[in-house]
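Take 1 as the starting number for the sequence shown in our numbering and just add one per residue. Here a beta-carbon is modelled for each residue, glycine too, at the ideal position from N, C-alpha and C. Reading through the structure tokens given below for one structure.
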Amino acid sequence: MIKRKYILYSLILISLFCFVGCAQLPRVGTSDSSELVWPPPPEVPRIKWLHQWSSKYDFSGGPSQLMNVLLGPEKVEKMLRPNGVVADSTGNVYVADSAFGKIFIFDIEKQALRTIGKDNLARPVGLAIDNKRGIIFASDSKIDRVYGLDKNSGRVLMTIGTPGEFKNPAGMAYDEDRERLYVCDARNHMVKVFDKDGKPLFSIGKKGTGNGEFNVPAYVALDKQGRVYVVDSFNGRVQVFDPDGNFIRKFGRLGDQSGQFSRPHGIGVDSENHVYVVDAAFNNFQIFSEEGKLLLWVGRAGRKPGEFYLPTGMYIDKQDRIYVTDTFNYRVQVFQYLKESK
């Protein structure tokens, strides 16, 4: 009799699991974003919100209320302090989580969330990617090292820099054409450049306020010509260099007005050489022309799609998708640059 009751109870549970398996919450990315564009109508839109990533439920939807009643709330791994972000050539999104000490990977191909680096990283900040070799470069501001990791297994393939070389390494960018890695060595006030195997090539800058000098360079990005764009954070500006580190121009200054910077962080450049700069104090990103003229800003303080709470990192892929780490909202938001029709 007891055995029959056990079997009956098991069948009921199985039926409930089958039922609730079909009662999933909608994916975060399925939100209607048709009206989330900048500038708003009636002007021609240039930026569109696409979706956001934060946990495994962004692929499958969350558990039903009935599942929570039966099994209790599930402890879901979710980003805590997302910082640097990159995407590979297949669209997988890699996010450095400075609190958890690992890299979250939103694997679009497998529709799953996985992590790497937890055995090697302490406080990862910046990320860069070599798509040809499948290497993720990660800077660690706690142990002052830069690593090259296998993007699938997380195995350390190379350690870049000699002991004591870096002081708070931060943002990075990898030039696949020239096979060079650019690293913001923030507290040494310079950008260091390495070849694909991690051997030093040259450095850019020193501490100061003049052209080609820095006060805590934070993030770096490249355009399709290989020019180097550096967020000179405490000087409140962006400086631009050729691939070999020769100064070209600068724009911006500290302030609280549009077109100025308060706490500039992540930077990216789209296919038409518009320059995007994240500002953590403004809770937005501003878009500039190649010469540094303000064109548009996107976002405000808040928790809804298109709003931010201390954004930090940025990456723009070859399809002009814009990835922004929305740090205290524990997510990455993805936007699309809409090119002008020819």
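Per the C-alpha coordinates, the member of 129, 207 and 123 positioned closest to residue 140 is 123.
For residue 213, the closest of 175, 158 and 185 by C-alpha to C-alpha distance is 185. Sorting 199, 337 and 327 by C-alpha distance to the C-alpha of residue 100 places 327 at the top. In the DSSP assignment, residue 258 falls outside any beta strand (DSSP E), carrying neither H nor E. Rounded to whole angstroms, the Cβ separation of residue 280 and residue 311 is 6 Å, and the two are in contact under 8 Å. Exclusion of the five residues before and after residue 300 leaves 283, 284 and 307 as the residues of its chain whose Cβ lies within less than 7 Å of its Cβ.
Here residue 221 is not near residue 164, since their CB atoms are 8 Å or more apart.
Annotated as proximal: residue 198 and residue 158, with beta-carbon spacing under 8 Å. Secondary structure note for residue 137: its beta strand (DSSP E) is the uninterrupted segment 135 to 140. Residue 83 sits in a strand when the DSSP states are folded into three classes. Residue pairing for residue 267: DSSP places it in a beta bridge opposite 277.
Secondary structure of residue 329 (DSSP, three-state): helix. Assigned with DSSP and collapsed to three states, residue 232 falls in strand. DSSP assignment within the region 190 to 246 yields the following whole beta strand (DSSP E) runs of 3 residues or more, N-terminal first: 190 to 195, 200 to 204, 217 to 222, 228 to 232 and 237 to 241. In terms of Cα proximity to residue 235, the closest of 242, 249 and 217 is 217. Looking at 249, 264 and 250, the one whose alpha-carbon comes closest to that of residue 256 is 264. Taking the CA atoms as reference points, residue 142 sits about 48 Å from residue 42. Distance from the CA of residue 187 to the CA of residue 44, rounded to the nearest whole angstrom, comes to 42 Å. Ranking 87, 316 and 271 by CA distance to the CA of residue 340 puts 271 first.
Bounds of the alpha helix (DSSP H) holding residue 58 are 57 to 60.
Where residue 126 is concerned, the enclosing beta strand (DSSP E) starts and stops at 124 to 130. Of the other Cβ atoms in all chains shown, fewer than 16 fall within 10 Å of the Cβ of residue 202; this residue is therefore exposed.
The continuous stretches of beta strand (DSSP E) do not include residue 299, and DSSP gives it neither H nor E.
For residue 101, there is no enclosing beta strand (DSSP E), as DSSP gives it neither H nor E. Approximately 12 Å separates the beta-carbon atoms of residue 49 and residue 332; this is outside 8 Å, ruling out the contact. Taking the CA atoms as reference points, residue 314 sits about 18 Å from residue 252.
Comparing C-alpha distances from residue 291 to each of 322, 278 and 240 shows the shortest one belongs to 240. With respect to the 8 Å criterion, residue 118 and residue 135 are not classified as neighbours on the basis of their beta carbons. Around the Cβ of residue 210, a 10 Å sphere holds fewer than 16 other Cβ atoms; the residue is exposed.
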